[in-house]
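Report on one structure; see the data block that follows.
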Amino acid sequence: MAHAIRFHKTGGPEALTYEEIEVPAPGQGQIKIKNHAIGVNFIDTYFRMGMYPSPVGLPFVAGNEGAGEVIAVGPGVSDFKVGDRVAYVVSLGAYATERLLPADRAVKLPAKISYEQAAAMMLKGMTVQYLVRRTYRVQKGDNILIHAAAGGVGLIACQWANHLGANVIGTVGSKDKADLAKKNGAHHAILYRDEDFVAKVKEITGGALCAAVYDGVGKTTFPASLDCIKPLGTFVSFGSASGQVEAFNINILQTKGSLFATRPTLVHYTAKREDLLKTANELFEVVESGAVKIPVNQKYSLKDAQKAHRDLESRGTTGSTILLP
Ligand SMILES: NC(=O)c1ccc[n+]([C@@H]2O[C@H](COP(=O)([O-])OP(=O)(O)OC[C@H]3O[C@@H](n4cnc5c(N)ncnc54)[C@H](OP(=O)(O)O)[C@@H]3O)[C@@H](O)[C@H]2O)c1
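Just so you know, we're using the numbering used here here: the sequence shown kicks off at 871 and counts up by one.
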């Protein structure tokens, strides 16, 4: 029998319940996967709270990222066979020992990438790929500010932006996180709970400010983030770990220097299969080359998903978190 973490109602971590589920045979265009590792992401907490509505109503199986082996193939699927090692992102239903998945959302895993690495990096690493290569294309010599630099997305983003030749400035919530961010590509770390991060960015960049700010924190770093960006620079608001950015007057972008602002999400950057594969392949390349390492700093049993969510939301984690079925 398969097991999963399901929600019958939205709410706090206690809404996550471990249950037996039945996973039918795959239908047209689907594959059935036995998960070997499952990624935990901040977005999972947005679905749990009801900030993002479930596309399938209630109850639903949580989770958006995982890796495992194909154990059955539905009619019409020609790209995958039983035994293939695969991974996937932004497909609800990952917190389970087994699941169905549209085959066109799966990616074959290179032999050198383990299931645990894949579950820790597909969503966060593909997000970093589009952020630093497409949303704002990081250039050699750019000053770049990355908020929550010691987090799952943060540690990957610091390494990748460093690899592209940027001067990487990270904000972090503690001294230990500052050390970790610096070991993972950040040239400078600002303790934004104690220090005025705008003043520190001005000091570090000698007043030149940043070509782009990558902000997954949201409410508490806005609008100050805009003051860290040079004229014609880019504000990338890609998450809401502290709550959502509230409505603002768009004229602020003019007064702060004719800034560009965007609120992107991985779903749209990987909607076409060719983009999904391109994004994943570029991630695999930087990881296989050793330019970007994937720190898996927390592992929990699938049954302990409640604890994983509590730790993530209490700022008690660094790097990536995975669940093991
Ligand atoms: N748009 C997309 O495509 C996309 C894709 C993936 C992730 N994201 C976003 O990226 C962000 C990071 O995701 P992640 O899964 O890697 O999480 P994470 O960064 O590992 O965890 C969130 C971090 O945010 C910081 N934070 C600041 N204020 C907070 C608060 N009030 N409550 C909790 N945390 C707070 C904490 O770091 P400090 O202690 O250092 O402040 C915390 O560790 C999230 O906003 C997520 O939604 C967006």
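All residues carry an ideal CB built from backbone N, CA and C; glycine is no exception.
Spatial neighbours of residue i within its chain, please: CB distance less than 8 Å, with the 5 preceding and 5 following residues excluded, ordered by chain position.
| i | result |
| --- | --- |
| P929 | R876, F877, H878 |
| E892 | M871, A872 |
| N993 | Note on residue identity: the sequence assigns Leu, not Asn, to residue 993. The answer, listed in chain order, is G909, N911, I913, N934, E935, V959, V960, L1136. |
| L962 | F917, S924, P925, V926, F930, V931, A932, G933, N934 |
| A895 | K902, A942, G944 |
| L1129 | L1096, I1099, P1101, L1102, G1103, T1104, F1105, L1123 |
I want to check one thing, is the minimum distance from the CB of residue i to the heavy atoms of ligand 2 below 7 Å?
| i | result |
| --- | --- |
| I913 | Among the ligands in the structure shown, ligand 2 does not appear; only ligand 1 can be found there. |
For residue i, which option in the options has the closest C-alpha, if you only look at C-alpha atoms?
| i | options | result |
| --- | --- | --- |
| A1027 | I1192, T1187, I1164 | I1164 |
| T915 | S984, V931, S1095 | V931 |
| G927 | L1061, G1088, R1007, F917 | F917 |
| I1192 | G909, V1002, Y1006, V1115 | G909 |
| P925 | A1078, V960, K1173, R1004 | V960 |
| A1150 | L979, L1102, T1125 | L979 |
| K1070 | L1102, E986, G1040 | G1040 |
| T1115 | P1093, T1075, L886 | Checking the sequence, you will find Val at residue 1115 rather than Thr. Checked all of P1093, T1075, L886; the closest Cα to V1115 is P1093. |
| F1118 | L1102, G1088, V1162 | G1088 |
| Q900 | G946, E935, N934, M919 | G946 |
| D954 | V943, A964, T1104 | V943 |
| E986 | V956, P894, D1049, K1142 | V956 |
| A885 | K1142, D1174, R1185 | D1174 |
| R975 | L1146, R1185, L1194 | L1146 |
| T1075 | L1061, V1038, G1109 | V1038 |
| Y965 | D1046, A973, A989 | A989 |
| G1113 | G882, V940, M921, Q898 | M921 |
| T1005 | D1085, G881, I1120 | D1085 |
| V1023 | D1066, R1007, A1111 | A1111 |
| A897 | R1063, C1080, R969, A1081 | According to the sequence shown, residue 897 is Gly rather than Ala. Minimum Cα distance to G897 is reached at R969. |
| V1008 | P883, K1126, G1035 | G1035 |
| V1083 | R1063, K1072, L1061, S1107 | S1107 |
| R1202 | P972, P883, M919 | Nothing can be reported for residue 1202: it is not among the residues displayed for the chain, which extend from 871 to 1195. |
| T880 | K1045, G1077, M919 | M919 |
| K982 | E1183, T1125, E1158 | E1158 |
| H1057 | D1046, A1031, G1077, R1063 | A1031 |
| D1064 | K1045, P883, A1078 | K1045 |
| A1081 | L1061, G1127, T887 | G1127 |
| Y888 | L1061, H1138, T967 | T967 |
Bridge partners for residue i per DSSP, in chain order?
| i | result |
| --- | --- |
| H873 | E890 |
| F930 | F877 |
| P972 | Q900 |
| A1059 | G1040 |
| Y958 | G936, A976 |
| N1151 | None, per the DSSP bridge assignment. |
| G882 | BP columns for G882 are empty, so no partner. |
| N1054 | Note: N1054 sits in no beta bridge, so no partner. |
| T1191 | V910, Q1168 |
| V943 | I901 |
| A966 | A874 |
Quick one: what's got a C-beta closer than 6 Å to residue i's C-beta in the same chain, skipping five residues either side?
| i | result |
| --- | --- |
| N1054 | L1025, C1028, Q1029 |
| G938 | I903, K904, N905, H906 |
| D1097 | V1068 |
| R1185 | G1043 |
| L1172 | L1193, P1195 |
| T1091 | H1017, D1085 |
| L1072 | Per the sequence shown, residue 1072 should be read as Lys rather than Leu. Nothing meets the Cβ criterion. |
Which stretch, first to last residue, makes up the beta strand (DSSP E) that contains residue i?
| i | result |
| --- | --- |
| N1013 | 1013-1016 |
| H1179 | No beta strand (DSSP E) holds H1179; the alpha helix (DSSP H) holding it covers 1175-1183. |
| Y1170 | 1166-1171 |
| N1119 | Where N1119 is concerned, there is no enclosing beta strand (DSSP E), given that its DSSP letter is neither H nor E. |
| C1080 | 1080-1085 |
| V1106 | 1099-1107 |
| T1132 | 1130-1132 |
| L1034 | No beta strand (DSSP E) holds L1034; DSSP gives it neither H nor E. |
How far does the alpha helix (DSSP H) with residue i in it extend, from its first residue to its last?
| i | result |
| --- | --- |
| R918 | 912-919 |
| L1001 | Careful: L1001 lies outside any alpha helix (DSSP H) and carries neither H nor E. |
| I1074 | 1067-1074 |
| L1136 | 1136-1139 |
If you drop the 5 nearest sequence neighbours on each side, which residues of the same chain put their C-beta closer than 7 Å to that of residue i?
| i | result |
| --- | --- |
| A1059 | A1019, G1040, V1042, A1048, A1051, K1052 |
| K1177 | Y1170 |
| D1181 | Q1168, T1187 |
| M996 | V959, L1136, T1140, T1149, A1150, L1153 |
| H1033 | V1156, A1161, V1162 |
| V952 | V940, I941, A942, V943 |
Q) Is there contact here, the segment 1131-1143 with the segment 980-1000, by at least three beta-carbon pairs under 8 Å? A) Taking 8 Å as the limit for Cβ pairs, the verdict is that the segment 980-1000 does touch the segment 1131-1143.
Q.
Using a Cβ distance threshold of 8 Å, determine whether the segment 1005-1017 contacts the segment 1175-1189, with at least three qualifying pairs required.
A. no
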